[in-house]
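Engineer: Residue numbers (the numbering used here): 483 to 939.
For every residue, glycine included, the Cβ atom is placed at its ideal position computed from N, Cα and C.
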């Protein structure tokens, strides 16, 4: 080692002896790492605070009501819009007193006036006026009574289900069939059914309304006050219709006395549908057999079709309605077009076949018997002749030829109607009537009884 090296080494040692020893290098690194970590945490906290502050400032700026002059309007995007539903007007609100044909008022009055048979007959008459099938009609009775001395009358509401149209009316039963005294459309919201009906000395005003109505009143003219009508059931009242036809009115009060309806009373002098009496040649015989209103109505329509007129122009009386074991159903009517003479008309319905109409010539005065022929009877090799004799006949005989012995063919339980098994294509046979003493009163070839409208075959 040179003297220079020794001198340098001695100088360094002397310097080191007067300096503070340096710390552990690893400890320094650890101290620097902790300092960096503290700085990053502080920076993160500060950044979060700044973000929260930025959001707090931005939210009011995004609100539609904030700074309207500084924000552009949002761009509209296409899509469906829903208009708010308007509040129902008074006219749209449900009237608790209104007649809803789908949920009508309950029936009031005499239960004997709304028997199923009567309702079927009324439905047939209503359907005929509308030109629809009876199955398309829903008729509901509302009030019924027997008007003195013995005339059943019924208020009803009826709907043609295929169209949804509704009517209300009043029908009376009579010997000649149902008679619609009132038959008018039912407006939505109707609350009163006022009808002017025939009376003994003056017409009657009969009003049917909801059972919850408090009182029904009649105002005969402009100068008179209101008078309570006679209540005959809940929501039903009657009074003589003797006020001024141009000014008399009806009104109804609710339970609290508020007016729930007010309107003009119907006019008893309103023109009635034109009617004519029965033709002079109507036989007037009693109905025999088992009534079938639907079958008889189809027969009446068949007669109208055969005559080329509307069903409303046709009237009829039933002579007999019946059926046989193979399932054929038949009715014999005397029918006529308004203003024309009556004719006998047979209507036969057989399973799997179209109905068979049998139209006879104009009925002769003094006719003693009428007949129709049931043909192609399932399971039989003969036809069946249905003979309807005049009332009071004692016995009906059938002769297969002019020289043959007559055999009795009257059927018990059919009020004198005779049923004859007749050979297919038979000729020369005849019908003989005897009175109660066994005396012959009538004989006629069967071919004459089966003549068509324009002649005999």
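Answer with yes or no whether the minimum CB distance from residue 854 to chain B is below 8 angstroms.
Structural biologist: Of the protein chains in the structure, only one exists, and it is not chain B.
Engineer: For a quick check, are the C-beta atoms of residue 604 and residue 653 less than 8 angstroms apart?
Structural biologist: The residue given as residue 604 occupies position 122 in the chain shown. The residue given as residue 653 occupies position 171 in the chain shown. Yes, these two residues count as a Cβ contact at 8 angstroms.
Engineer: Assuming residue 673 and residue 579 make a contact with CB atoms under 8 angstroms, what is their CB distance in whole Å?
Structural biologist: Taking the first residue of the chain shown as 1, we reach residue 673 at position 191. Taking the first residue of the chain shown as 1, we reach residue 579 at position 97. About 4 angstroms separates the two Cβ atoms, so the contact holds.
Engineer: From what residue to what residue does the alpha helix (DSSP H) around residue 626 run?
Structural biologist: The count along the chain shown starts at 1 and reaches residue 626 at position 144. Residue 626 -> not in any alpha helix (DSSP H); beta strand (DSSP E) instead, spanning 619 to 629.
Engineer: What does a CB cutoff of less than 6 angstroms around residue 757 pick up in its chain, not counting 5 residues either side in sequence?
Structural biologist: Sequence index remark: in the chain shown, residue 757 carries index 275 (1-based). In this predicted model, residue 757 has a pLDDT of only 45, less than 50, meaning its place in the structure is not dependable; the value taken from the coordinates is given anyway. Closer than 6 angstroms at Cβ, skipping near neighbours: no residue.
Engineer: By the 10 Å Cβ neighbour count, where 16 or more other Cβ atoms means buried, how is residue 710 classified, buried or exposed?
Structural biologist: Locating residue 710 in the chain shown gives position 228, counting from the first residue. Its Cβ having fewer than 16 others within 10 Å, residue 710 is exposed.
Engineer: Assuming residue 782 and residue 793 are in contact, meaning their beta carbons sit under 8 angstroms apart, how far apart are those beta carbons, in whole angstroms?
Structural biologist: Here the question's residue 782 lines up with position 300 in the chain shown. Here the question's residue 793 lines up with position 311 in the chain shown. That pair is a contact at about 7 angstroms.
Engineer: Is any heavy atom of the ligand ZN found at a distance shorter than 7 angstroms from the C-beta of residue 619?
Structural biologist: Only the bare structure without any ligand can be found here, which leaves the ligand ZN out of the picture.
Engineer: Would a C-beta distance cut-off of 8 angstroms place residue 869 and residue 900 closer than the cut-off?
Structural biologist: Residue mapping note: residue 869 aligns to position 387 of the chain shown, counting from 1. Residue mapping note: residue 900 aligns to position 418 of the chain shown, counting from 1. Taking 8 angstroms as the Cβ cut-off, residue 869 and residue 900 qualify as a contacting pair.
Engineer: Consult DSSP for residue 795 and reduce its assignment to one of helix, strand or coil.
Structural biologist: Within the chain shown, numbered from 1, the residue matching residue 795 stands at position 313. Three-state DSSP puts residue 795 in a helix.
Engineer: Specify the secondary structure class of residue 605 as computed by DSSP and reduced to three states.
Structural biologist: Indexing the chain shown from 1 puts residue 605 at position 123. DSSP places residue 605 in helix when its eight states are reduced to three.
Engineer: Can you tell me whether residue 838 is helix, strand or coil according to DSSP?
Structural biologist: As a working mapping, residue 838 is identified with position 356 in the chain shown. Of the three classes helix, strand and coil, the one that applies to residue 838 here is strand, per DSSP.
Engineer: Using the three-state DSSP reduction, which class does residue 847 fall into: helix, strand or coil?
Structural biologist: For this step, residue 847 is matched to residue 365 along the chain shown. Residue state, collapsed to three classes: coil.
Engineer: Applying the criterion that 16 or more other CB atoms from any shown protein chain within 10 Å of the CB defines a buried residue, is residue 887 buried or exposed?
Structural biologist: By 1-based counting over the chain shown, the position of residue 887 is 405. Exposed.
Engineer: Counting along the chain, where does the beta strand (DSSP E) carrying residue 867 start and finish?
Structural biologist: In the chain shown, counting from the first residue as 1, residue 867 sits at position 385. Where residue 867 is concerned, the enclosing beta strand (DSSP E) stretches over 864 to 871.
Engineer: Suppose the cutoff is 6 angstroms on Cβ atoms and the five residues either side in sequence are ignored; what does the same chain contact list for residue 626 look like?
Structural biologist: Taking the first residue of the chain shown as position 1, residue 626 is located at position 144. If we look at residue 626 and ignore the five residues flanking it on each side, its Cβ neighbours are 591, 592, 595, 596, 636.
Engineer: Assuming contact is defined by CB atoms lying nearer than 8 angstroms, are residue 823 and residue 784 in contact in what I supplied?
Structural biologist: Counting from 1 along the chain shown, the entry for residue 823 is found at position 341. Counting from 1 along the chain shown, the entry for residue 784 is found at position 302. No, the pair does not count as a contact, with Cβ atoms beyond the cut-off.
Engineer: Near residue 841, which residues of its chain fall below 6 angstroms by C-beta distance, leaving aside the five closest residues on each side in sequence?
Structural biologist: For the purposes of this step, residue 841 is taken as residue 359 along the chain shown, with counting starting at 1. Cβ within range, chain order: 788, 827, 935.
Engineer: Taking the CB atoms as reference points, tell me whether residue 678 and residue 723 lie closer together than 8 angstroms.
Structural biologist: What you label residue 678 is simply residue 196 of the chain shown in a count that begins at 1. What you label residue 723 is simply residue 241 of the chain shown in a count that begins at 1. Their beta carbons are under 8 angstroms apart, which means residue 678 touches residue 723 by this criterion.
Engineer: Is the stretch 728 to 747 touching the stretch 687 to 703, taking contact as three or more C-beta pairs under 8 angstroms?
Structural biologist: Taking a contact to require three or more Cβ pairs closer than 8 angstroms, the stretch 728 to 747 and the stretch 687 to 703 qualify as touching.
Engineer: Under the rule that 16 or more other beta-carbon atoms within 10 Å means buried, what is residue 707, buried or exposed?
Structural biologist: Indexing the chain shown from 1 puts residue 707 at position 225. Exposed is the call here.
Engineer: Does the distance from the CB of residue 638 to the CB of residue 616 come in under 8 angstroms?
Structural biologist: Sequence index remark: in the chain shown, residue 638 carries index 156 (1-based). Sequence index remark: in the chain shown, residue 616 carries index 134 (1-based). Going by beta carbons, residue 638 and residue 616 fall outside the 8 angstroms limit.
Engineer: If you draw a straight line from the C-alpha of residue 667 to the C-alpha of residue 648, how long is it?
Structural biologist: Taking the first residue of the chain shown as 1, we reach residue 667 at position 185. Taking the first residue of the chain shown as 1, we reach residue 648 at position 166. Rounded to the nearest angstrom, the two C-alpha atoms are 6 angstroms apart.
Engineer: Note down the Cα distance separating residue 671 from residue 697, rounded to an integer number of angstroms.
Structural biologist: Here the question's residue 671 lines up with position 189 in the chain shown. Here the question's residue 697 lines up with position 215 in the chain shown. Taking the straight line joining both Cα atoms gives about 19 angstroms.
Engineer: Which same chain residues end up closer than 6 angstroms to residue 629 when comparing Cβ atoms and leaving out the 5 residues on each side of it in sequence?
Structural biologist: The residue given as residue 629 occupies position 147 in the chain shown. Here the set comprises 635.
Engineer: Given a cut-off of 8 angstroms on the beta-carbon distance, is the pair residue 825 and residue 849 in contact?
Structural biologist: One-based indexing of the chain shown puts residue 825 at position 343. One-based indexing of the chain shown puts residue 849 at position 367. Using a Cβ distance threshold of 8 angstroms, residue 825 and residue 849 do not count as a contacting pair.
Engineer: Which of helix, strand or coil does DSSP assign to residue 745?
Structural biologist: For the purposes of this step, residue 745 is identified with residue 263 of the chain shown, where counting begins at 1. DSSP, read as helix, strand or coil, puts residue 745 in strand.
Engineer: Going by DSSP, which residues form a beta bridge with residue 678?
Structural biologist: Counting from one through the chain shown, the residue named residue 678 turns up at place 196. Per DSSP, 687.
Engineer: Along the chain, where does the beta strand (DSSP E) containing residue 881 start, and where does it finish?
Structural biologist: For the purposes of this step, residue 881 is taken as the residue at position 399 of the chain shown. That run of the beta strand (DSSP E) goes 877 to 881.
Engineer: Determine the contact status of residue 725 and residue 705, defining contact as a CB-CB distance below 8 angstroms.
Structural biologist: Sequence index remark: in the chain shown, residue 725 carries index 243 (1-based). Sequence index remark: in the chain shown, residue 705 carries index 223 (1-based). Not in contact: residue 725 and residue 705 (Cβ atoms no closer than 8 angstroms).
Engineer: Whole angstroms are fine: how far does the CA of residue 904 sit from the CA of residue 754?
Structural biologist: Within the chain shown, the letter at position 272 stands for residue 754. Within the chain shown, the letter at position 422 stands for residue 904. Bear in mind that the predicted position of residue 754 carries a pLDDT of just 46, short of 50, making it too unreliable to give a figure here.
Engineer: Tell me whether residue 811 is buried or exposed, calling it buried when 16 or more other Cβ atoms sit within 10 Å of its Cβ.
Structural biologist: Walking along the chain shown from the start, residue 811 turns up at place 329. With 16 or more Cβ atoms within 10 Å of its Cβ, residue 811 is classed as buried.
Engineer: How should residue 576 be labelled, buried or exposed, when 16 other C-beta atoms within 10 angstroms of its C-beta is the threshold for buried?
Structural biologist: Numbered from its first residue, the chain shown carries residue 576 at position 94. Answer is exposed; the Cβ neighbour count stays below 16.
Engineer: Starting from residue 651 and walking both ways along the beta strand (DSSP E), at which residues does that stretch end?
Structural biologist: Locating residue 651 in the chain shown gives position 169, where the first residue counts as 1. 647 to 654 is the extent of the beta strand (DSSP E) around residue 651.
Engineer: Just to confirm, is the Cβ distance from residue 878 to residue 892 under 8 angstroms?
Structural biologist: The residue given as residue 878 occupies position 396 in the chain shown. The residue given as residue 892 occupies position 410 in the chain shown. Yes.
Engineer: Tell me, please, which residues DSSP counts as bridged to residue 713.
Structural biologist: Here residue 713 corresponds to residue number 231 of the chain shown, with the count starting at 1. Looking at the DSSP assignment, residue 713 forms a beta bridge with 719.
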